[in-house]
Amino acid sequence: MDEDTRYEAVRSRDGRFDGEFFFAVETTGIYCRPSCPAVTPKQRNVRYYATAAAAQGAGFRAC
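Following this note's numbering, the numbering of the sequence shown begins with 106 at its first residue and continues without gaps.
Structural data, given as structure tokens:
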């Protein structure tokens with residue numbers, strides 16, 4: 106899955122992608138599921154991870 110598809114899932118809060126990947130926001134240090142109701146971050150600040158553990162290992166904390 107490419108980054109544009111992932112970002113569109115985050116932007117639209119598409120729950121179908123929950124469990125497929127997690128996204129993290131560099132400016133906040135937080136990671137979330139694609140369906141997270143928080144304000145949509147700017148695409149340039151988003152990083153993607155296959156698992157929550159990978160996001161935590163990269164230094165992010167749960168939403």
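Each residue gets a CB set at the ideal place from its N, CA and C atoms; glycine is no exception.
Being a predicted model, the structure only gives us computed values, none of them experimental.
Asked: Enumerate in chain order the residues of its own chain whose CB-to-CB distance from residue 168 is below 7 Å, with the five nearest sequence positions on each side excluded.; Found: 135, 136, 137, 141 and 143
Asked: Could you round the C-beta distance between residue 139 and residue 119 to whole angstroms and report it? I think they count as a contact, below 8 Å.; Found: 6 Å
Asked: Whose CA, out of 131, 110 and 129, lies closest to the CA of residue 121?; Found: 110
Asked: Could you give the DSSP three-state label for residue 109: helix, strand or coil?; Found: helix
Asked: In whole angstroms, what separates the C-alpha of residue 115 from that of residue 156?; Found: 15 Å
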